[in-house]
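For reference, the structure is listed below as structure tokens.
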Amino acid sequence: MAQVNGDIVRDVAKWEWSELWKKEDWWAVWLGFLLLVIGLIIYVPRGPAGMDEKIAAANATLKVESERAPFRTIAWFKASDAKGKLKATDSSAGKTIKVYTTKPHGWSSNPLDAFFMSKSKAAAKAEKAASGYEKAKEKEAAMLDTAKAAEEMAAAESFQNTTLNQQAIKAIGDWRFAKNKTSSAKKKAGAKPYNQIPYLIILMIIMAVFFGIGMLVMGKNVVSFGFGFIGVFIVAILAYLLEGQAGMKSIGFGYPLWAIAIGMLISNTIGTPKWVVPAVQTEYYIKTGLVLLGAEILFGKMLSIGVPGIFVAWIVTPIVLITTYFFGQIVVKMPSKTLNVTISADMSVCGVSAAIATAAACRAKKEELTLAVGLSMVFTSIMMIAMPAVIKATHMHHVLGGAWMGGTIDATGAVAAAGAFLSDTAMYVAATIKMIQNILIGVVAFFVALIWTTKIDKEADQEVGLIEIWFRFPKFVLGFIAASIIFSLIYGAFGKDAGYTLLEHGAIRGMSRIFRGWFFCLAFASIGLATNFRELKSYFKGGKPLILYVCGQSFNLILTLVMAYIMFFLVFPEITAQI
Amino acid sequence: MVKKLSNGSQATRIDRKPETSRLKRWVALAGGTLFFWVFAAYFTPWLSTIPILHPMLSYIEEYDINTTAYFYTDVEEFSVGNHMIQQLMTYPSKTTE
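Those protein sequence lines, which keep their order, are chains H and S.
Each residue of the first sequence is one higher than the last, beginning at 153 in my numbering.
Each residue of the second sequence is one higher than the last, beginning at -3 in my numbering.
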């Protein structure tokens, strides 16, 4: 609300109850929570049959085996795998949701494969992969026999013979590696025919109605929105199509980049068609997606790898974020604080997801988010390939290497690839560190919103009291935090095992994750459709965003490596020994 | 005086079109589409043939790792990795005497 005081026009925030149904922020909260509640209703009562008994049996085996041998035995791994297979998303409801919400499939040379695969083509594909699968199965069985023999020999010496123990550890490791190969071959051999087009049309209608309800109540023209939504959805589909291409997947160029690029190509050549414009609702989609993302931030996972993980992910990351921000303000002299903090968070926390959350929290321009996402994707691709090479060349311990990559590579998918490329151990550590870092974005978004509300987006002489903070604070951030707290409490109440089955592989991966992905894709498509290339170029003036990113990431690489070494090798070597 | 927000610049008008002829705009769109196609169909497969990149890129393809994911819940490997670490921390192996 504008208030004129002398020559000054000021924004005066004011609370009105009608905001609850008239403001986009609140609609993001209502719609996000609606999906989360639906997810809980669908998945929580649909745990796998005999879930509690299976978990108890697996835990009993894990306990016995961990007390029996100084290494992880075959029975230990089998019990762990048995628990890992228990997923609520494997229920019939979970499978149905997956069919209706699947994005275009992967393809290599024919883009039509993304939408349609005939019976004969699927059969040919499966047949081609079948021999590889059979070979992988045979190899796995042989490796298992070798591992069993090695373990028995070590057990015969009551696990007191170090040489035999080491041989058993190696043989079991080889069997696990062969097992991973079999799983991958099995996936390829199980190719089935599909026609994704009708499901995509149904999904488009469902999402148009879903967002249309909010538009209707907010007093917008819902018919225009519905027509426009077709255009935005098509751009989103094209972005997923490009992401799914085998080569793109390998280099890690995901849909955010393609959605922006395709949208910009349209808006900067023929112009965004007028009928599409009513559905170009970047903030509406992004805020709703962020509320869903909140549910995926489970604070109970923070201690997954003990205290070292907290230090590497929760101590180093804020230090790098704050240092980079001030470096950007004082040394690089970034022209915009919102661009500075978005790039700093994107680089130090976890790439695209952190950029989205931070940009939304400080109300950054869409061009600023675009720049941050672009920088993150390019550097992620480089680091995903360079870091494993450096770790290999320097013979770095894989626990240290995993922690280093998990703490520095922006995109989670690239962390998984780089870690797995080195070894299972590196992948487990890298994934866990990254996951703990992912959780940090809730805290970062909250504090950025708070600082921008109370310090940055205010007049020099303006006092911002508690009630003023409430008026100005972006309300969807409250939904984002509330979703995180509620889901963390539910996860805690279930316990880690049931939480994994019913929540993580239920309401989160089977509902929140799916729709959050679609909503962010729609948001990036909207950003592209509303971005002028010349204006975007002006944000890159002097290469300042690039300088900021490179300097911040260099500092991040050094500090993370030092902290990981101190934590995993000097302070908590017993944890490293267990991994 | 109007209050200036921290991100400074003015809003973009999405209905603005470049002041070029209709034909040129469509040609530019076709050119951009062609660029995307060449990037997907020729450039990324070529990257896999570069010796220094080949091992990593072929590994990703073979194991079908979703490198484009940006949150831990998007990646299956994260679930496997975190599940394994959780078991390791809850049921650690006994130490040798």
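Backbone N, C-alpha and C fix where the C-beta goes; we use that ideal spot for every residue, glycine too.
Count the other CB atoms within 10 Å of the CB of residue i; is the residue buried (16 or more) or exposed (fewer)?
i: Ser38 (chain S); result: Residue 38 (chain S) is actually Tyr in this sequence, not Ser. Burial call: exposed.
i: His550 (chain H); result: buried
i: Trp556 (chain H); result: buried
i: Phe671 (chain H); result: buried
i: Gly27 (chain S); result: exposed
i: Tyr252 (chain H); result: exposed
i: Ser90 (chain S); result: Ser is not the amino acid found at residue 90 (chain S); the sequence shown has Lys there. Answer is exposed; the Cβ neighbour count stays below 16.
i: Ile474 (chain H); result: exposed
i: Phe676 (chain H); result: buried
i: Gly371 (chain H); result: exposed
i: His50 (chain S); result: exposed
i: Val71 (chain S); result: buried
i: Val501 (chain H); result: buried
i: Asn157 (chain H); result: The predicted position of Asn157 (chain H) is uncertain, since its pLDDT is 47 and thus under 50; no value can be drawn from it.
i: Glu279 (chain H); result: exposed
Nearest to residue i by CA position, among the options, is which residue?
i: Lys485 (chain H); options: H:Gln312, H:Thr213, H:Ile474, H:Lys696; result: H:Lys696
i: Val468 (chain H); options: H:Asn492, H:Gly371, H:Ala497; result: H:Ala497
i: Ser505 (chain H); options: S:Glu72, S:Ala65, S:Asn78, S:Ser89; result: S:Ala65
i: Glu304 (chain H); options: H:Ser678, H:Val216, H:Asn317; result: H:Asn317
i: Gly406 (chain H); options: H:Ala388, H:Gly423, H:Leu417; result: H:Ala388
i: Ile508 (chain H); options: H:Ser335, H:Gly446, H:Leu681, H:Leu688; result: H:Gly446
i: Gly378 (chain H); options: H:Val428, H:Trp228, H:Lys648; result: H:Val428
i: Met85 (chain S); options: H:Ala234, H:Ile249, H:Ser218; result: H:Ser218
i: Pro725 (chain H); options: H:Leu552, H:Thr314, H:Ala411, H:Glu520; result: H:Leu552
i: Asp177 (chain H); options: H:Gly558, H:Ala221, H:Tyr437; result: H:Tyr437
i: Ile731 (chain H); options: H:Ile190, H:Ala578, H:Met269; result: H:Ala578
i: Lys401 (chain H); options: S:Ile56, S:Ser75, S:Trp33, S:Leu19; result: S:Ile56
i: Ser488 (chain H); options: H:Pro425, H:Glu519, H:Ala245, H:Ile382; result: H:Glu519
i: Ala570 (chain H); options: H:Met535, H:Leu618, H:Leu688; result: H:Met535
i: Ser170 (chain H); options: H:Val369, H:Phe646, H:Gly452, H:Met719; result: H:Val369
i: Ala431 (chain H); options: H:Ile679, H:Leu188, H:Phe531; result: H:Ile679
i: Gly399 (chain H); options: S:Phe74, S:Ser54, S:His79, S:Phe67; result: S:Ser54
i: Ile561 (chain H); options: H:Leu709, H:Ser336, H:Ile365, H:Glu611; result: H:Leu709
i: Lys250 (chain H); options: H:Glu290, H:Tyr195, H:Glu205, H:Ser260; result: H:Tyr195
Should residue i be flagged as near chain S, meaning a C-beta pair shorter than 8 Å?
i: Gln730 (chain H); result: yes
i: Gln397 (chain H); result: yes
i: Ala278 (chain H); result: no
i: Tyr701 (chain H); result: no
i: Ala252 (chain H); result: Reading off the sequence shown, one finds Tyr at residue 252 (chain H), where the question assumed Ala. So no, Tyr252 (chain H) is outside the interface.
i: Phe223 (chain H); result: yes
i: Ser232 (chain H); result: yes
i: Arg661 (chain H); result: yes
i: Arg665 (chain H); result: yes
i: Glu286 (chain H); result: no
i: Glu448 (chain H); result: yes
i: Leu698 (chain H); result: no
i: Met719 (chain H); result: no
i: Lys648 (chain H); result: yes
i: Thr440 (chain H); result: no
i: Met536 (chain H); result: yes
i: Ser218 (chain H); result: yes
i: Phe405 (chain H); result: yes
i: Gly236 (chain H); result: yes
DSSP beta-bridge partners for residue i?
i: Asn347 (chain H); result: H:Phe268
i: Gly259 (chain H); result: First, the amino acid is wrong: residue 259 (chain H) is Trp here, not Gly. In DSSP, Trp259 (chain H) forms a bridge with H:Gln397.
Closer than 8 Å, CB to CB, is residue i near chain H or not?
i: Thr64 (chain S); result: yes
i: Ser89 (chain S); result: yes
i: Leu84 (chain S); result: yes
i: Val71 (chain S); result: yes
i: Val34 (chain S); result: no
i: Leu25 (chain S); result: yes
Taking only heavy atoms of the ligand FMN into account, decide whether any of them is closer than 7 Å to the Cβ of residue i.
i: Asp177 (chain H); result: Ligands displayed in this structure: none; no statement on the ligand FMN is therefore possible.
Measuring only between beta-carbons, confirm whether residue i sits less than 8 Å from chain C.
i: Thr546 (chain H); result: Although the question refers to chain C, the structure presented lacks it and instead comprises the protein chains H and S.
| field | Near-chain S residues of the stretch 478 to 512 of chain H - C-beta to any C-beta below 8 Å | value | Here the close residues are Pro487, Ser488, Lys489, Thr490, Leu491, Cys502, Gly503, Val504, Ser505.
| What residues in the stretch 42 to 67 of chain S bring their beta carbon closer than 9 Å to a beta carbon of chain H? | Trp42, Leu43, Ser44, Ile48, Leu49, Pro51, Met52, Leu53, Ser54, Tyr55, Ile56, Glu57, Glu58, Tyr59, Asp60, Ile61, Asn62, Thr63, Thr64, Ala65, Tyr66, Phe67
| request: Return the residues of the stretch 570 to 602 of chain H that lie within a Cβ-Cβ distance of less than 7 Å from chain S, sorted by chain order. | output: Cβ contacts with chain S come from Ala572, Phe573, Met579, Tyr580, Ala583, Thr584, Lys586, Met587, Asn590.
| task | Pull out every residue of the stretch 411 to 428 of chain H whose Cβ sits closer than 8 Å to any Cβ of chain S, in chain order. | result | Those would be Ala413, Ile414, Leu417, Ile418, Ser419, Asn420, Thr421, Ile422, Gly423, Thr424, Lys426, in chain order.
| task | Using a Cβ-Cβ cut-off of less than 7 Å, give me the residues of the stretch 183 to 198 of chain H that come near chain S, in sequence order. | result | Here the close residues number zero.
| message | Residues of the stretch 554 to 571 of chain H in Cβ contact with chain S at a cutoff of 7 Å, in chain order, please. | response | Ala563, Thr564, Gly565, Ala566, Ala568, Ala569
| said: Beta carbons nearer than 7 Å to chain S: which residues of the stretch 332 to 353 of chain H have them? | reply: So the close ones are Ser336, Lys339.
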